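Asker: Can you read through this structure? Questions will come right after.
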Amino acid sequence: MQLTLPAALASLKNLPAVRDLPVVLDDNFLNRLLTLSAGVNAQTETVYRVYYVAAKFLEQIRSQHTLSSADGAVFTGLAIPIASLLNLQFSEDLALGLIIPPGFESVPISIASHRVKVFGTKSVRVRPVL
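Final position of the sequence shown in this note's numbering is 162; the numbers increase by one with none missing.
So this is what it looks like as structure tokens:
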């Protein structure tokens with residue numbers, strides 16, 4: 033059984049990278065992003081992508097990013113949690129074989145690089161490699 037939208041929102045807000053943030057969480061924004069980015073599994077059930085939405089929310093919180101290098105303007109602070117969340121989402125998408133809406137795909141990110149990359153906009157079906 034998949035999470036309902038309210039349960040997905042509660043799960044998102046309870047993630048360690050999100051729950052202790054010194055910011056007000058915008059439930060309307062988070063619910064909209066959960067709905068827009070939701071995948072569909074083989075049973076045609078809606079699967080809310082909690083890690084993806086958490087990562088995208090963290091990317092939006094400018095007050096929590098710090099400038100670590102002026103040459104090329106590399107920001108850190110939330111880069112590692114964002115990369116980690118997107119890697120978790122990629123793994124979950126793969127494991128569940130989800131169909132992801134265009135523009136909401138996640139790809140594995142090297143946490144060692146400490147950079148968050150922009151993702152493609154092509155609709156893809158993620159399948160496990162045997």
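Note that CB positions come from ideal geometry on N, CA and C, so glycine has one too.
Quantities reported herein were computed from a predicted structural model and do not represent experimental measurements.
Is the Cβ-Cβ distance between Ala70 and Pro113 less than 9 Å?
Answerer: Not a contact, by the Cβ cut-off of 9 Å.
Asker: Below 8 Å CB to CB, which residues in the same chain sit around Leu165 once its five sequence neighbours on both sides are set aside?
Answerer: What is shown of the chain runs 33 to 162, which leaves residue 165 out entirely.
Asker: Distance, Cα to Cα, Met33 vs Phe136?
Answerer: Rounded to whole angstroms, Met33 to Phe136 spans 22 Å at the Cα level.
Asker: Consult DSSP for Thr67 and reduce its assignment to one of helix, strand or coil.
Answerer: Correct three-state label for Thr67: helix.
Asker: How far does the alpha helix (DSSP H) with Ala39 in it extend, from its first residue to its last?
Answerer: Note, Ala39: alpha helix (DSSP H), 37 to 45.
Asker: Between Leu117 and the rest of its own chain, which residues show a CB-CB distance below 8 Å, the 5 nearest in sequence each way excluded?
Answerer: Cβ neighbours of Leu117 beyond the five flanking positions: Leu47, Ala49, Tyr83, Tyr84, Ala86, Ala87, Leu90.
Asker: DSSP three-state call for Ile114: helix, strand or coil?
Answerer: Looking at Ile114 - three-state DSSP - the assignment turns out to be helix.
Asker: Output the distance between the C-alpha atoms of Asn175 and Asp125, rounded to the nearest integer angstrom.
Answerer: There is no way to answer for residue 175, as the model of the chain reaches only from 33 to 162.
Asker: Of the residues Arg64, Thr78, Pro140, which one's Cα is nearest the Cα of Leu120?
Answerer: It is Pro140.
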